[in-house]
Amino acid sequence: MAQPSEQFGNFKLVRRVKLDFTDVVVSKWKSRETGLTVIHLDYEAPIVNGYFVVATEIFDDSGCPHTLEHLVFMGSEKYPYKGILDLLANRGFSNGTNAWTDTDHTAYTVSTAGEQGFLQLLPIYVDHILYPTLTKAGFVTEVNPSYIGNCRNDITNVLKVHHIDPKGHDSGVVYSEMQGRENTSGDLMALRLQRLLDPPGSGYRSETGGLMAALRVLTPEQIRQYHANYYVPHNFALIVAGKLSSGTSSLLKVVQEQVEPSIIHHKQNKGERPLGWKRPFMETPSALRKPIPKTIKDTIKGMGELIINFMGPPPNHFLERKALDILGTYLTSSAVAPLNKEFVEIESPLCSYIYFSEDTRATSVNLPIYIGSVPTEHLPTFNDKLKESLQRIVDEGIDMNRMTMVLSRDERQLRSKLESAKGDTFSGTIITDFLYGAEDGSELHASMDEINYYAQLRSWTSGQWTSLLAQYYVQPSSVVIIGKPSAKLADRLEKEEKARIAAQVERLGPEGLKKAEMELEEAKAEHSKPVPTEMLTSFPVPDVKSISWIPVQSVQEPGYGRKVDYPPSANEPLFKHIQSDGNPLPFFVEYDHVESDFVSIHALFTLANLPDRLRPYMPAYLSSFFSLPVTRQSGAKLTHEEVINQLDNETVSYEVGLGISNAFTDTFRVSIKVEKALYENAVSWLKDLVYGSKFDKERIQVVLAKIQQSLPEMKRDGSNVLSSLWASLFYAENSTSRFGGVLPQAEFIPKVTKELQENPEQVITDFEEIRKFITEPSGIRFSVTGNVLGLKEPRTTWGKYFSSAIPSVTLSPVPLASETLSDLGKSTARKAVVMSLPTIESSFVTHTAKGIQGFNHPEYPAIRVALEVLNATESYLWRYIRGSGLAYGAYTSLDVEAGFITFSLYRSSNSMRAYEEAAKVIRGLVDGSIDFDETILDAAKSTIVYGVAKNVSTAGRAAMVSFTNQALKGVSRTHQIDLLEKYQVVTKDDVLAALQKHFLPLFDSSSSVAVVVTAPGKAEEIGDGLKAVGFDVEQRVLEVDPSEMEIDGEDESGDSDSDSDSSSR
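Heads up, the sequence shown is in the numbering used here, so the first residue is 165 and it goes up one at a time.
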């Protein structure tokens, strides 16, 4: 293939790829002058996504890549104000910027509704990445000493990373993040794996997130030097995905005219490949990856997990890598997959999951297998059992019928993903090509040509598949990391942390602590330096009219004699299509048409009348739904394996859940997505799965055992425990949400498992009773979304399968969370619950007060804007809490279904200080002691525009929002878009009034409830702090069951290193 000769300014076209299975055109450009890479994925979409990537290699655990990722957002040479990047992004129809640090790269991201805001922001973003304030001197050939000696700047940046608070505790945004991760089982195991896989001198061994001990001594000079080495234009790629009105030329024009001149000004125009440059990972010692000489087993403290890692093929062996991906799917994708049948779908599971993965590396990819929730007694022998099973599959051969099904379904799922998320589908591939691909772009097409690999793999024989399995997973050696539960690890970590802090306080003394407080206040003052208004207002807010909304046609047929709140136009093609297809149905069906190759059907069944004693069964009912024997309407009796195999063969996806998108959770939902030619199959399956499944004792026992196996791991997660504890406090016995969390399930599942053994008829009767209440005709609603106009019989198909089961009755209202509140949920006051969880080191917190209730409340627009004013990146909560290192995340939220408003903290290092800061901010805004910046109001409104556009940015989303609005919320199809006009007229006074009326009660114990999950060492201090502000505090402890932990008294001084496979901002 001849090299392209096309040019644009300094940029030459390296490669253009037009895929024959989707409307994506990829063009890769490189500047002859600076070496900067620009890659555009061109396709139709309302959202433009940017991924700005630096290859970041580090040979120690200092955390420089991750730390630098955070510090880039502190201001730049041209825009030397902390947070200005996000303030401008918010004005440009975005929800702010983000970033992540992986083992081999750092990616900075932004998404905007439409192109105007994106192209305006691009050069400003690049200025932050290449020329952040901390490294201004590092990018000029003649050093300006005034910048190197800028101590104020050093303090500001370092305190962003790590600082000591006035009580002697360590804090900082990066430090808080790693504190919440460093001693988790996953991080401990992953870093140990890295150390054993790659030799000393390899960047793949490093903790790119930074170990806490290293972060405490990291210096600004180390960060500056790292930035100077790697943040250079020839090691930098601007990847842009989405439609630009003038095509790629509009992107190149901005880069040529606004980015290149700055790079040249800094004398970095050293060509495509400066003398002496070594491409990270590809031309450094990291590339010297050798085969694993013999199997290595290592046991560390963990949570009953294993990682078994093999070395895979080179990264450019794309067909082989796709085949390995398919092989992993074949082995583990469902309840009837070979390994799941043997290890998971049994009465006493050996694990809760087996997952085959891949990590791209130079020379050869890694092939890790992750196994979770393994009983302690099976940990030492699990690897041998797995290898025996894989050898048996090699000996017996592959089930080629199943393999054909796996290939077809995987291809359908890829086509479905391409329809809804082209940018996300290919962004990882493009990043990998930048890091590891041929520099001339010759491997780009092959890396993206997945669809055509399916055609090649369909011709493979069983022998080819088993040879691949043997070559990579049976014959070679591996590294096996065993995470063995430890009852003493949490206690040891708590004691060590207390002793370290006590020693730190003693070492610093009163003067040192006072100095730390002064430095913190100095940094906060620097953070608070106002951005000049003219700098913000010079960035114009785009026009909402520039956004192209995906068209949706909608027809709702509520059933005989029922009112249609939003009747369609008689001239609308969809209405005519439905009317031409037989007679109206006696039950509720809504049709929402969008352009698509697929169609989805959804069924929602009310749980309002379900007896309260049966609600704890719902997680098990959901888990068993697609894996039970079924009697088809034809009379055919299918085993659970036949059900799963046929569903996999005919569908794109199928799922069950409570409600939609965490709302309407007192409804039971079934969704099935198919190619439009199989629409009738989907409706037929829905009928038989709901009405024809057999509640088989053995299958229920397997389902309960799997849930039981997964509970210990869930109980170790702070967010999971907080969510469950919160629901148990705020919802009553008639709420399904109350019983679905880890805490009630940890009590219920052992009881019902015992009952199944002793009295199976009773448990089966309970399952039958659940079905009886679910299928009560008055509470059923159906939805069809996708290419409805492409269906021959959209209406009569439903009648064929459901008319006999659902007579014409009055339709019951959609059950709402506000109807199932506990007494505390109805009157939020004084109560505080602090739960100690020995497996975490930071705090997870939710403060709750009463809010507005209803989906069309007149006060909603002002409250929605107020939420964005508080929550936006680099806005008030970000600056005062995250910016001070008090928590990794702090945000307010509104639940209009239940009628709650909340303030939450995620991974907080000091939750009481964070609570106090949030209260101070909102009170200060209301009383005027903190300035309300009018530009933040404009940015908040623009960010909402992005949120609305994102929510309907794909055909599937747009159709589902239409259904949810009309059928469940009782508002118009375009309700969120219609609200955009109301947001625009919200004033500063409206926001301040909303803050005073609705948000201040969150910080008053007489009108709020506090729920905290924290480390044991922090529980007492947090409880005392809540008492001091008026709460009645209840202390609880989530005990760790000794049967889940190893208590043999062995040495507990295991390696406390951790991994940062991916640390995000």
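Built from N, CA and C at the ideal position, the CB exists for glycine as well.
- Only residues of its own chain outside the window of five on either side were considered, and among them F520 have a CB closer than 7 angstroms to the CB of G492, listed in chain order.
- The stretch 747 to 757 and the stretch 715 to 723 touch, with no fewer than 3 CB-CB distances between them shorter than 8 angstroms.
- Rounded to the nearest angstrom, the gap between the Cα atoms of L177 and Y215 is 19 angstroms.
- Annotation: the continuous alpha helix (DSSP H) that includes T496 extends over 482 to 496.
- Taken through DSSP and simplified to helix, strand or coil, R779 comes out as helix.
- In this structure, the alpha-carbon of I938 lies about 30 angstroms from that of P513.
- Taking C-beta atoms as the reference points, Y534 and E575 fail to come closer than 9 angstroms.
- For F507, the secondary structure class from DSSP, reduced to helix, strand or coil, is helix.
- By the beta-carbon neighbour count (other beta carbons within 10 angstroms, threshold 16), H391 is buried.
- F1067 is positioned such that its CB atom lies no closer than 9 angstroms to that of H1139.
- Contact annotation: S580 and K840 have beta-carbon atoms that are not nearer than 9 angstroms.
- Taking 9 angstroms as the cut-off, the Cβ atoms of F859 and F903 do not count as close.
- If you draw a 10 Å sphere on the C-beta of Q926, you find fewer than 16 other C-beta atoms in it, and that means exposed.
- Contact annotation, S1126 with D756: C-beta distance approximately 4 angstroms; criterion of less than 8 angstroms satisfied.
- Residue state for D523 is assigned as strand, using DSSP reduced to three classes.
- Classified as buried, K1133 has 16 or more neighbouring CB atoms from the shown chains inside 10 Å of its CB.
- For the options F482, K586, Y1055, R1071, the alpha carbon positioned closest to that of D613 is the one of F482.
- DSSP places K956 outside any beta strand (DSSP E), giving it a letter other than H or E.
- Between F1008 and L1069, the gap from beta carbon to beta carbon is short of 9 angstroms.
- Assignment of M699 by DSSP, reduced to helix, strand and coil, places it in the helix class.
- DSSP, read as helix, strand or coil, puts N845 in helix.
- With contacts defined as CB atoms closer than 9 angstroms, D761 and E583 qualify as a contacting pair.
- Cβ neighbours of A271 within its own chain (closer than 6 angstroms, five residues either side excluded): Y215, V217, W264.
- Shortest Cα-Cα distance from V558 to any of A1113, S626, S498, I248 involves S626.
- The beta carbon of V866 lies closer than 6 angstroms to those of E509 in the same chain, with the five residues before and after it left out.
- Beta-bridge annotation (DSSP): Q635 is not paired with any residue.
- Here S899 is buried. Its C-beta has 16 or more other C-beta atoms within 10 Å.
- At a Cβ-Cβ threshold of 9 angstroms, N1129 and R1121 do not count as neighbours.
- Scanning A663, E170, S857, N1074 for the CA closest to the CA of A1051 turns up N1074.
- If the five residues before and after A253 are omitted, its C-beta is found closer than 7 angstroms to the C-beta atoms of G260, T261, V274, L285, all from its own chain and listed in chain order.
- For G587, the secondary structure class from DSSP, reduced to helix, strand or coil, is helix.
- Relative to P1002, the option among V1177, V189, V188 whose CA is nearest is V1177.
- Considered as a whole, the stretch 815 to 874 harbours 843 to 855 as its complete alpha helix (DSSP H) runs of no fewer than 4 residues, in chain order.
- With contacts defined as CB atoms closer than 9 angstroms, L408 and L415 qualify as a contacting pair.
- Excluding the 5 residues flanking it on each side, I490 has same chain C-beta neighbours closer than 7 angstroms at V570, L571, D574, L621, in chain order.
- Fully contained in the stretch 1083 to 1120 are the following alpha helix (DSSP H) runs of length 4 or more, in chain order: 1098 to 1115.
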